[in-house]
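This report refers to the structure that appears directly beneath it.
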Amino acid sequence: MDIRQEEGSAAGRTFVVSQLECVRDEAHARDADCAFRVSWVINPHMRVGPVDMTAAYEEHRVLREAMRREGATLIELPFVHGAFDSVFAKDNALLVERGGRRRALLASYLHGERGQEQRMRAVALEAQGFELHGPPSVHFEGGDVAMLPEGQGLLLGHGQRSDVRTATELERFLEVPVTPLELTDPALYHLDVALTVLEDGTALVYPEAFTRESFLRLERAPGIRRIVPIPRDEALRFSLNMVECGRSVLIPCRAPVTEQAVRDAGKQPVHVPLEQFHLGGGSAACLVAAVHRLERPVPSALARG
31 MDIRQEEGSA
41 AGRTFVVSQL
51 ECVRDEAHAR
61 DADCAFRVSW
71 VINPHMRVGP
81 VDMTAAYEEH
91 RVLREAMRRE
101 GATLIELPFV
111 HGAFDSVFAK
121 DNALLVERGG
131 RRRALLASYL
141 HGERGQEQRM
151 RAVALEAQGF
161 ELHGPPSVHF
171 EGGDVAMLPE
181 GQGLLLGHGQ
191 RSDVRTATEL
201 ERFLEVPVTP
211 LELTDPALYH
221 LDVALTVLED
231 GTALVYPEAF
241 TRESFLRLER
251 APGIRRIVPI
261 PRDEALRFSL
271 NMVECGRSVL
281 IPCRAPVTEQ
291 AVRDAGKQPV
301 HVPLEQFHLG
311 GGSAACLVAA
321 VHRLERPVPS
331 ALARG
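Residue numbers for the sequence shown follow the numbering used here, so the first one is 31 and each next one is one higher.
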């Protein structure tokens, strides 16, 4: 199994990423299931068919290079044969590190097409030193979580892919409060395509993706300093599916409102086109899973408000 770790600055963040195709070796026969493509439709953005792998590799390379320039450490996991969505590494698990221990809460997918990748992803994560937990007894996907600044809590999107009852298991796993937010727009099916929270507590969000009650709950979530509304057309182009890395925020499309909000937060927006991955319904944040460093437990406040 070809699993590599790419080292960045010790001061940077750590992310898990996936390879885009199976390892080329004599023991593995090459076939059509060996590389990323779109073979099913489980979200409104997906278009069945092959992708331009030359372009996909270049887009993926540019994303990774931009992250490494900002000091990120990238842990690379193998592509799962026939599980084309395994390139979207964030969805597989919630990853945390506390006191030198790395732990992974595995996803429990709504769609069977995604479930097939989990066994091999669990093996790969364990090989990288992650202690495995879960999956939860109800549906939970890694794209439905957003960590709050300084590990003060977690936002959980539910109503499309993840079950609100996962909040209880997440609180036990993390020992931090979980704020559930109900998603209402099928095109914004994961939390990370409807919202992002920057390290300074700025939340960039398409408000109509949430129920009114959930939006009010977001306003009261620990660590949220201000909320900046982002238009739906930019959210649909995956502008909110961004990656904050050092001084930069990597944005996968041209999105003037989103870019200005990033500048106003004191960060530099960097355009990293990811059109080939948009064909599969994912973008920058979907492709990388942050390993969240948690320092201390915080008293639980599940479903406050």
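Each residue gets a CB set at the ideal place from its N, CA and C atoms; glycine is no exception.
*If Gly173 sits next to Asp222, beta carbons under 8 Å apart, how far is it from one beta carbon to the other, in whole angstroms?*
5 Å
*6 Å Cβ shell around Val321 - same chain, five flanking residues per side excluded*: Thr44, Leu125 and Glu127
*At 3 residues or longer, and completely inside the segment 270–331: list those beta strand (DSSP E) runs for me, N to C.*
273–275, 278–281, 298–301 and 318–323
*How many angstroms separate the CA atom of Glu171 from the CA atom of Asp294?*
31 Å
*Could you give the uninterrupted runs of the alpha helix (DSSP H) lying entirely in the segment 101–159, keeping only those of 4 residues or more?*
142–145 and 148–157
*Just how far apart, CA to CA, sit Gln306 and Ala113?*
Just so you know, the alpha carbons of Gln306 and Ala113 end up roughly 17 Å apart.
_Am I right that Leu135 and Gly159 are in contact with their C-beta atoms under 8 Å? What's the rounded C-beta distance?_
Going by Cβ atoms, the distance from Leu135 to Gly159 rounds to 15 Å, so no, they are not a contact pair.
*Taking Arg262 and Tyr236 to be in contact with their CB atoms under 8 Å, please state how far apart those CB atoms are, rounded to whole angstroms.*
6 Å
*Of the residues Glu325, Val71, Ile72 and Leu50, which one's Cα is nearest the Cα of Ala62?*
Leu50
*Just the C-alpha distance for Asn271 and His308, rounded to the nearest angstrom, thanks.*
Each residue's Cα considered, the two are about 11 Å apart.
*Looking at the structure shown, is Phe45 part of a helix, part of a strand, or coil, going by DSSP?*
strand
*So, do the segment 281–295 and the segment 75–87 have three or more beta carbon pairs nearer to each other than 8 Å?*
no
_Same chain, Cβ closer than 6 Å to Arg277, neighbours up to 5 away in sequence not counted_ = Gln298
*What are the boundary residues of the beta strand (DSSP E) that Arg256 is part of?*
Arg256 to Pro259
_Output needed for Glu180: all residues of its chain with C-beta closer than 7 Å, excluding positions within five of it in sequence on either side, in chain order._
Gly253
_Spatial neighbours of Gln148 in its chain, beta-carbon cut-off 8 Å, leaving aside the 5 residues before and after_ = Asn122, Leu136, Ala137, Tyr139 and Pro165
_Burial state of Asp115 (16 or more Cβ within 10 Å)_ = buried
*Keeping to the same chain, check which residues put their C-beta closer than 8 Å to that of Val92; ignore five residues upstream and five downstream.*
Val302 and Pro303
_Helix, strand or coil at Gly79 [DSSP, three-state]_ = Annotated three-state conformation of Gly79 is strand, per DSSP.
*Just how far apart, CA to CA, sit Leu246 and Glu238?*
12 Å
*Assuming Met97 and Val273 make a contact with CB atoms under 8 Å, what is their CB distance in whole Å?*
7 Å
_Between which residues of its own chain and Val110 is the CB-CB distance below 7 Å, once the five residues before and five after are set aside?_
Ser116, Glu147, Met150 and Arg151
*Hey, quick one: how far does the alpha helix (DSSP H) through Ala239 stretch, first residue to last?*
Ala239 -> no alpha helix (DSSP H), and no H or E assigned at all.
*Which residues bound the beta strand (DSSP E) around Glu199?*
Taken as a continuous stretch (DSSP letters only), Glu199 belongs to no beta strand (DSSP E), being part of the alpha helix (DSSP H) at Thr196 to Leu204.
*Going by DSSP, what residues sit across from Ala233 in a beta bridge?*
Val227 and Ile257
*Give me the Cα-Cα distance between Val68 and Cys283, rounded to the nearest whole angstrom.*
20 Å
*Residues in its own chain within less than 6 Å of Leu155 by CB, not counting five upstream and five downstream?*
Ala134
_Residues in the same chain with beta-carbon distance under 6 Å from Leu324, minus the five sequence neighbours each way, listed in chain order, please._
The answer, listed in chain order, is Val126, Arg128 and Gly181.
*With burial defined as no fewer than 16 other Cβ atoms inside 10 Å of the residue's Cβ, what is the status of Ser167: buried or exposed?*
exposed
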